[in-house]
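Heads up: the sequence shown begins at 0 in numbering that gives the first Met the number 0, then just goes up one per residue. By construction, the Cβ of each residue, glycine as well, lies at the ideal position given by its N, Cα and C atoms. So the structure is just underneath, and the comments pick up after that.
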Amino acid sequence: MPARRKPTTVSDDDIPEMSAEDFARAKPARKVAPQVVAAMKHARGRPKLEKPKQHVTLRLDAAVVEAFKAQGPGWQSRINDALARVIAHKRTRRKAA
0 MPARRKPTTV SDDDIPEMSA EDFARAKPAR KVAPQVVAAM KHARGRPKLE
50 KPKQHVTLRL DAAVVEAFKA QGPGWQSRIN DALARVIAHK RTRRKAA
């Protein structure tokens, strides 16, 4: 019957500090494992939008802002949606005329 191997555990004491020679021999990760580095680059952040929104500074009446904020989170998106509906409505009126 073969002898059972003892599970290996590594403690911080078993890992020596890197010397100047170790650092001199070290290679960049992009050269050792380029596929891993590429995967890490693509996995960050949320996907790019096809039509990203533009950041603007806009002055609105306090009553307008209060009314949208009173409806809860997402008030800026609701203002955007309201403006988009106005534009779409005007476009359909122009086509009908």
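Can you tell me where the alpha helix (DSSP H) with Leu98 in it begins and where it stops? With the chain represented from 0 up to 96, any question about residue 98 goes unanswered, as that position is not in the structure.
For Ala87, collect the residues of the same chain with a Cβ closer than 7 angstroms to its Cβ; drop the 5 residues on either side in sequence, then sort them by chain order. Taken in chain order, the list of residues that qualify is empty.
Please give the ranges of any alpha helix (DSSP H) in the stretch 15 to 52, keeping only runs that are unbroken, at least 4 residues long and fully inside the region. For the stretch 15 to 52, whole alpha helix (DSSP H) runs of length 4 or above, ordered along the chain, are 19 to 24, 28 to 31, 33 to 41.
Can you tell me whether Val55 is helix, strand or coil according to DSSP? Residue state, collapsed to three classes: coil.
Hey, Val36 and Arg29: beta-carbon distance below 8 angstroms or not? Inclusion of Val36 and Arg29 in the CB contact set at 8 angstroms is warranted, their separation being smaller than that value.
Hey, could you find the ends of the alpha helix (DSSP H) Lys5 is sitting in? Note, Lys5: premise wrong, no alpha helix (DSSP H); not H, not E.
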